[in-house]
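Here the structure is laid out as structure tokens; the discussion comes afterwards.
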Amino acid sequence: MPTIDVFKIIEEISSCLEKGFVERVKIIVKEIDPAVLVDVLNQIDDELRLKILPYVDLLRLGSYITRLKDEVIKEIELYKGIDELVELVNWLPVDEAVDLLQKMNPKTASSILKMISAKRKEELLNLMKYLPESVGGVMTTRIPVFTVGMKVNDVLNEYVRRNMIGYYDRHNYIYIVNTEHKLIGCIEVKTLLTLPRNRNIEEYVVKPIAKLHPNIDREEAARLAVKYDLLEIPVVDENDRLLGIITMDDLLDIAVYELTEDLLKIGGFFETVRTSYMGASIKSLVVRRVPPILFLYIMNAITGSIVASFIGVIERIAILASFLTMLADNSGNIGSQASSIIIRSLALGDVKPRDLFRVLSKETVITIFMASILLPIGFTISFSITYFIYNRLDTSLIVGLAVASALFVSMLTADLIGAVLPIILARLKLDPAAVSAPLITTIGDIITALIYFLTASLLIKIYGF
């Protein structure tokens, strides 16, 4: 299947607007797939977007509208009539309507809520009381729920009737509750069609593999779905009363968003790219990119000052400086590797915050074994190169021992920092992915330079250089 080039569509729209071919623009906007149109609106220049917004049918965008950037939704508020927005909110599934309202200006959202039916308003407000990042903020409440004691035939007839009039949002199961609305179990829709019609529905219910409370982080829902291969997860209150479900499309959106966010945080630049690059202004990109770069610049300046303080050592054996890059890169790689492994294990639930000391001891042993392989190699390389240049055994020995010592200490330190910091942050209820690889690498550089030149200084004194 050929891919669609969004930028070519944007170029065509831009060209048509420049030439005054407005009708052609209307046709393009009307005919392209809604998902592609969302990408176009997100990536097109602000000035061009404002020109094509009047031609965009919001109902045609449908559920894809929640994927628009916040600033685009704000523009839609300004350039679309309130009646069109009300119609859209009425048409969207409840959870997606809530997502849209929460991205709008509070005054606009309030005006929309005043213009919809009391029942619809109640549905929306029930979800809006939850945080957007929580399970309650993404669950849907328009699901098939039936009470124990009903016959399969009655359940099936009522289910078909309601489904035909669009009463339900997307779902895979029907849910059975008792008279207090406590969740008893669920039945897959395709299974419902094969059940004996004269039996009670509760005879065939299956206990759900997992249940969630509305106030927990939505990332937990995605984690459970991946772990148990779930199509949807029921949401219950503290008394086990059914509130709603999280569907597969929501679970996928959550998983992709959280994974992307974590990967960007690991790289140390989540704040820099959290919005569209093409849609962001030069000023906003500069403001976002300067702070982390400035922080790392200051940290690297510490490394530079350490090297400068040992200038006398370098003047005596100049080749010492040539091995610093190798040592620093090695410690950075070890630290980044350890942090990536532990962050992944935390995300999958394989490692818990309480496992701090187990991880500490395990990583220490792992690093010692790795060092036993790398140290002889590092010593041999540095010793051989130095001997080839200076043709002096004592000088070569000093450099070789300094490299080996710094290699061992920097490996151990970087590995433990990379492994332990994510766990400490998790115990503090902070995001472990906030431990960025550049920060770990920079800390490793500082420690490596310090140990390397201290060892070299000590050996120079011992050998009387």
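No gaps in the numbering here: position 66 of the sequence shown is 66 in UniProt numbering, and each next residue is one more.
Yeah, the Cβ is synthetic: ideal placement off N, Cα and C, and Gly gets one too.
- The criterion of a C-beta distance shorter than 8 Å is satisfied by V135 and L212.
- For the options N126, T147, T179, E232, the alpha carbon positioned closest to that of H171 is the one of E232.
- Comparing alpha-carbon positions, the option among L48, I112, K103 lying closest to G81 turns out to be I112.
- Within the same chain, V145, Y175, V177, H181, K182, L183, P234, V235, V236 come within 8 Å of L242 by CB-CB distance, once the 5 residues on both sides are set aside.
- In the three-state DSSP reduction, N200 falls in the strand class (E or B).
- Its chain contains I187, L195 as the residues whose beta carbon lies nearer than 6 Å to that of Y204, once the 5 sequence neighbours on both sides are disregarded; these appear in chain order.
- Boundaries of the alpha helix (DSSP H) harbouring E71: 70-79, taken from the DSSP string.
- Straight across, the Cα-Cα distance linking L421 with I451 is about 21 Å.
- Between the stretch 302-316 and the stretch 365-382 there are fewer than three C-beta pairs closer than 8 Å, too few to call the two in contact.
- In the three-state reduction of the DSSP assignment, D394 falls in the helix class.
- Taking the Cβ atoms as the reference, A404 lies roughly 5 Å from L375, within the contact range of under 8 Å.
- Within 10 angstroms of the beta-carbon of F408 lie 16 or more other beta-carbons, which makes it buried.
- Annotated as proximal: L58 and E84, with beta-carbon spacing under 8 Å.
- Around the beta-carbon of V286, fewer than 16 other beta-carbon atoms lie within 10 Å, marking it exposed.
- Residue pairing from DSSP places L212 in a beta bridge opposite V235.
- Of the candidates R142, L401, P291, I424, I424 places its Cα closest to the Cα of F357.
- Listed in chain order, the non-local C-beta contacts of A371 below 8 Å within the same chain comprise L407, F408, M411, L412, local neighbours out to five positions each way being set aside.
- If you look at V56, you'll find it isn't in any alpha helix (DSSP H); DSSP assigns it neither H nor E.
- Under the three-state reduction of DSSP, T179 is assigned to coil, being neither helix nor strand.
- No Cβ-Cβ contact shorter than 8 Å links T147 with T108.
- Per DSSP, K26 has no beta-bridge partner at all.
- With a 10 Å radius around the Cβ and a threshold of 16 neighbouring Cβ atoms, I282 comes out exposed.
- Under the three-state reduction of DSSP output, D217 falls in the strand class.
- Per DSSP, the unbroken beta strand (DSSP E) holding F146 starts and ends at 145-147.
- For L192, the enclosing alpha helix (DSSP H) starts and ends at 189-192.
- Just so you know, the alpha carbons of G335 and D95 end up roughly 41 Å apart.
- I314 places its beta carbon 8 Å or farther from that of I389.
- Within the stretch 351-415, the runs of alpha helix (DSSP H) that reach at least 4 residues and sit entirely inside it are, in chain order, 356-390.
- Taking all protein chains shown into account, L439 has 16 or more neighbouring C-beta atoms within 10 Å of its C-beta and is therefore buried.
- If you check the CB distance, I143 and I245 come in under 8 Å.
- Taking the CA atoms as reference points, L48 sits about 10 Å from E11.
- According to the DSSP assignment, G312 belongs to the alpha helix (DSSP H) that extends over 311-316.
- Taking a 10 Å sphere around the C-beta of S309, we find fewer than 16 other C-beta atoms and assign the residue as exposed.
- Residue pairing from DSSP leaves C16 without any beta-bridge partner.
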